[in-house]
Structure formats: structure tokens, C-alpha cells
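So the sequence shown is numbered by the numbering used here: it starts at -10 and just counts up by one.
Beta carbons: idealized from backbone N, C-alpha and C, even for Gly.
As the structure is a computational prediction, the values presented were derived from the model and not from experiment.
What follows is a short report on a single structure.
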Amino acid sequence: MSDVTAPGEPILRVRGLVNRFGEQVVHDGVDLDVV
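Pasting the structure below:
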């Protein structure tokens, strides 16, 4: 495993994030890339 990512490649990728608190939906289907 390498500690180096290719240029432009995200170091963190999240797809379809959902946050709920009971009936309250805060995030629904958030996609996030950290480069």
C-alpha cells in the first residue's frame, strides 16, 4: 500500500452520505471528494 496518491486523485471519497436525526433528514445523498 502506498501513502502517495496520483495527482488529481481524491484522498477521500464519500458517495450517497445520509444523516438523519429521527424524522429530520439533514443530508440526503451527498457526494464528497477531498483532493
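Beta bridge counterpart(s) of residue i as assigned by DSSP
i       : result
Arg2    : Asp22
Val(-7) : Answer is none; Val(-7) lacks a bridge partner.
Pick from the options that is closest to residue i, judged by C-alpha positions
i     : options                       : result
Leu6  : Gly(-3), Ile0, Glu(-2), His16 : His16
Val24 : Arg9, Leu1, Val(-7)           : Leu1
DSSP state of residue i mapped onto helix, strand, coil
i     : result
Asp17 : strand
Spatial distance of residue i from residue j (CA atoms)
i       : j     : result
Glu(-2) : Leu21 : 13 Å
Val(-7) : Val19 : 26 Å
Ala(-5) : Arg4  : 20 Å
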